[in-house]
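This report refers to the structure that appears directly beneath it.
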Amino acid sequence: MTVEQNVLQPGGAAKHQQTFLNQLREITGINDIQVLQQALKDSNGNLELAVAFLTAKNAKVPQLEEATYYQTALPGNDRYISVGSQADSNVIDLTGDDKDDLQRAIALSLEESNRAFRETGITDEEQAISRVLEASIAENKASLKRTHPEVWSDSPNPYDRKRQDNCPVGLKNVGNTCWFSAVIQSLFNLLEFRRLVLNFSPPANAQDLPRNQKEHRNLPFMRELRYLFALLVGSKRKYVDPSRAVEILKDAFKSNDSQQQDVSEFTHKLLDWLEDAFQIKAEEERDGEKPKNPMVELFYGRFLAVGVLEGKKFENTEMFGQYPLQVNGFKDLHECLEAAMIEGEIESLHSENSAKSGQEHWFTELPPVLTFELSRFEFNQALGRPEKIHNKLEFPPILYLDRYMHKNREITRIKRDEIKRLKEYLTVLQQRLERYLSYGSGPKRFPLVDVLQYALEFASSKPVCTSPVDDLGASAPASGTLPAQSSPSTIEQQGPSSSDVPSTSPVQRSVIHKPFTQSRIPPDLPMHPAPRHITEEELSVLEGCLHRWRTEVENDTRDLQESISRIHRTIELMYSDKTMVQVPYRLHAVLVHEGQANAGHYWAYIYDHHQKRWMKYNDISVTKSTWEELERDSFGGYRNASAYCLMYINDKEQYLIQEEFNKETGQILVGMDTLPSDLRDYVKEDNKRFEKELEEWDAELAQKAQQEKLLSQIPRAPAPSPAPVQAGEPEYLEQPSRTDLSKHLKEDSVQAINKALAEQEDRGPEAIMDSAIKLEYTRLLKLAQEDPPPECDYRLRHAIVYFIQNQAPKKIIERTLLEQFGDHNLSFDERCRNIMKVAQSKLEMIKPDEVNMEEYERWHQDYRNFRETTMFLMVGLEFFQKKSYMEALLYLIYAYQNNKELLSKGPYRGHDEELISHYRRECLLKLNEHAAALFESGDDQEVNNGLIIMNELIVPCLPLLLVDEMEEKDIVAVEDMRNRWCSYLGQEMEPNLQEKLTDFLPKLLDCSTEIKGFNDPPKLPSYSTHELCERYARIMLSLSRTPADGR
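Just so you know, the numbering used here puts 835 at position 708 of the sequence shown, and the rest follows in order with no gaps.
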């Protein structure tokens, strides 16, 4: 059987066996095929159990013979060939004499696998896939029973779920299915693949197929995938629910286990299902010709394996789908590919009589869609669990693959030899440069240029004739006493002695560091050490030598640096000539994983080829993105996010991304026009249901509005007087209006009036009012210009202070002062009443064009928001000091959000952002520790309480910390919280705890910055200005006495 026949063969159980063997090799590092097969057999095809067998402490792995190191692929091997630079190549030597035993072992393993397949009709890998699908469905159903709010719960308002214009449609996460969304969206946005799926019609004889074969081919899944793609094209919803497609898969494969699915495994399997479905159709429609499978044509290519083993050459053509690449030890994608294409000593390939072994891979046929699977997981033998590799790996938006093509084999070998020679020369140059930049023989080394400069400065310093100790003898203090002017470091270390502080002083004064006066060097001492004796002749010779040597070293250093740069540039441009840029592949999609090896969250960056921009597909959220954001999240080395799968497409094959055209009119078909008639009807029906939902919502709102209108027209009885508030309970009211605030200003107004009357008692009310306003403004201006301690915020005392500090227009300030003196609270005596009337008449005389009332209201609303933010902050800090972290968190969240909005208008509009951020962060960290402690207790009630804290408080807050990338401390705190929970993955625990942890971790590791809805803001007590200032001062003083880390 040829490789091509095996690829198109409907069965192919051997390929699943070989895929598991390849994965076991990569995870465990064990290369003995018989040991791997036995472990797989003992574990009944369960990959995790097989890894556990192989990594047990008492497992004895026989050493692999060197002769079996390089092997060539057997006919019939899996097309998903594990190729790379690792020593555990899966290619088996066909030319050797010792292949019989190995073939028998493989045959025995395949026979065992085929026996299981014949009994159930389901392969081992399909059973593993079904486990996660069933877990996803179970999680989705269980979510209906949970009392705490889910991350992905639908908004009751359908307008929140309405698609805006022609924005791309998202996919709802129905329970650990972010991997499903990432892969499906990447394929859906490949227009040729979309057309193949949408225009797929089931075979006419599908009902005649055997039941197990029909389930294996997943024609029902193909039908649901068409419906899902159709909704992604024409739905009026912001996102659609893929549960039916997942349900079909769950029904097709039965199992009870649960785990979060791996993207690469799912992509492998998805292509298998689609290939099987299209193969049935292709065989039905063939007319004596060999059937062509569009999935194979689109996603599979071929490479030639050329090698030599102990002087014997071999050559074999193999087919591949996703191409696996090792990440560890490489800095960019080309380095990964180079290592994957060359194994062993390649010099032996060009010589006839060499005992060395090696092999090369050359692409003979590239698929239109080329997918690289980045291996970012490795098994930690010491810890007994897989770990994620977070190393940075760069990849380009355009990848030229000419150097890996078989037709360019000779020229590539020449260039590789040249690059190898240049890199060897580069190493020598870098070593020489390092000797100039790190000069010396001791532990501390310095640039040689600086050493020569220091020597020159020393020689050129003014000579001194005395010892640096002797010249201080006269002024030196007596033994055991301190000099009058000690260095600050000395004072800080020793502290003030008892003799330095008068015994009558009630408070011991702390030492004040004065860097420009306290440690000032006496003018008669040299600034640097200097030679004792040096003649002019000696100095002239030495200066000449040092100048000359420094110039020589600078020139040598510059020459080395330029040579190194030239070599780097030469290596970079080695493949840039015209003959080596003929096979361009454009980056189409990047699948990103954030988290650890056992759990995490997936999303995708997909290039919109027509709008020329990147889009981020994160479950229900689809947003515009940039290459810079993609680099940050995909290259690795930043947080725990990195690319896991790269999808490139042939840049010359425009049909892959080309829109459809109407054959008659020549116009581009968009939206519903691209759908077949049956799918168009399906989408129309779904849109009708959604439109009905919108209409019902509108009718419900209209009914509520009508009821409120009728209630407002009914005459009401006088409201009873409010019951007295019990002692000790704060009276919670709405934030006071500007009129309410003016009551607190009565005392200030009266004082200004009395002072004006004392100065101008014989003047009229208008003159007295003008004088009082000037006095009040002068007082407030002085407060605004002062620099008070943190506990005294004068902005809380008066709106005018806030306005002055934020440069409010003069007209706004003038009208505010008039309103203060025109307030009805001043009508308690005749003099004040007359001034109040004058102020009111002046307010009436202000013309609409003199003061912009909208702007006036905005300024006063900002001030009310400032006071409200102060109250949120103050109450939150009070709860924090009482260690009531759950209560404190909500207040601090609203304080931070409101304060951030204020600060966006000006630096003096709000409070210290770092202060609020610190205590918000501390609240979350302490709650996370508390929740983790509850989880560790193992008690069901406490575990549930801990998870409720995480789901209701911590998880919804994480996007608030991640949305601002400049807040490095917030990002570190999020990573600390996540790492705390991920650390449980490798620990033994009860099955119910494991299930709850598996259910919870994807929500914690979701790195979406989409802000979820919060509860309504907590109600605030009503404080007078005096009470507010007093309580604010008290809490800020208490903070200054107990400074927190990070402030």
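A virtual CB, placed ideally from N, CA and C, is assigned to each residue, including glycine.
These numbers come from a predicted model, not from an experiment.
Item, Value
"Nearest to Lys1130 (by Cα), restricted to the options Pro369, Pro295, Arg1047, Cys305", "Cys305"
"Whole-number beta carbon distance between Ala731 and Gln312, since they are thought to touch under 8 Å", "5 Å"
"Contacting residues, own chain, Cβ-Cβ under 6 Å from Asp459 (five flanking each side not counted)", "Glu521"
"Segment contact, 8 Å Cβ cut-off, at least three pairs: the segment 424-434 with the segment 485-497", "yes"
"Residue from Gly485, Ile698, Gln1024 with nearest C-alpha to Glu551", "Ile698"
"Which of helix, strand or coil DSSP assigns to Gln457", "As written in the sequence, residue 457 is Phe, which differs from the Gln given in the question. Residue state, collapsed to three classes: coil."
"Start-end ranges of the alpha helix (DSSP H) lying completely within the segment 913-988, minimum 4 residues", "926-932, 937-948, 957-972"
"Integer-rounded CB distance, given that Leu318 should sit under 8 Å from Gln785", "7 Å"
"Residues sharing a beta bridge with Asn1026, DSSP", "Paired residue(s): none; Asn1026 is not in a bridge."
"DSSP beta-bridge partners of Ala768", "Glu721, Tyr765"
"Within 9 Å, strictly: CB atoms of Tyr1159 and Asp920", "yes"
"Same chain, Cβ closer than 7 Å to Thr753, neighbours up to 5 away in sequence not counted", "Trp741"
"CB contact flag (His925, Asp875, <9 Å)", "yes"
"Option in Asp956, Gln834, Asp805 with minimal Cα separation from Val877", "Asp956"
"Contacts around Ile538, its chain only, beta-carbon distance under 8 Å, and the 5 residues preceding and following it disregarded", "Thr706, Met707"
"Cβ-based neighbour list, Asp287, same chain, cut-off 6 Å, excluding 5 preceding and 5 following", "none"
"Where Phe522 falls: helix, strand or coil (DSSP)", "coil"
"Rounded C-alpha distance that separates His533 from Thr444", "11 Å"
"Ser1165 versus Lys1032 - alpha carbon distance", "30 Å"
"Whole-angstrom distance between Glu1049 and His1057, CA atom to CA atom", "12 Å"
"Backbone secondary structure at Arg1174 - three-state DSSP", "In this predicted model, Arg1174 has a pLDDT of only 36, less than 50, meaning its place in the structure is not dependable enough to derive any value."
"Alpha carbon of Phe441 to alpha carbon of Phe499, nearest angstrom", "26 Å"
"Assumed close pair Val1070, Leu1061 - CB separation to whole angstroms, cut-off 8 Å", "6 Å"
"Presumed contact (8 Å Cβ cut-off) between Arg364 and Lys289, rounded CB distance", "7 Å"
"Where Lys779 sits in the DSSP three-state scheme", "coil"
"Residue-chain proximity (Trp754, chain B), Cβ-Cβ < 9 Å", "In the structure shown, chain B does not exist; there is a single protein chain."
"Integer Cβ distance of Met896 from Phe948, believed to fall under 8 Å", "6 Å"
"Three-state secondary structure assigned by DSSP to His728", "strand"
"Buried versus exposed call for Ile525 [16 or more other C-beta atoms within 10 Å across all chains shown]", "exposed"
"Rounded separation between Trp400 and Leu325 - CA only", "16 Å"
"Nearest-angstrom Cα separation, counted from Leu397 out to Phe447", "15 Å"
"Contact between the segment 1104-1116 and the segment 1147-1155 (3+ Cβ pairs under 8 Å)", "no"
"C-alpha gap between Ile747 and Val367, whole angstroms", "8 Å"
"Coarse secondary structure for Phe327, derived from DSSP in three states", "coil"
"In chain order, each alpha helix (DSSP H) run of at least 4 residues that lies wholly inside the segment 1081-1138", "1082-1089, 1095-1109, 1118-1132"
"Residues near Asn1055 in its chain [Cβ-Cβ closer than 7 Å; skip 5 each side]", "Ile1081, Met1104, Arg1107"
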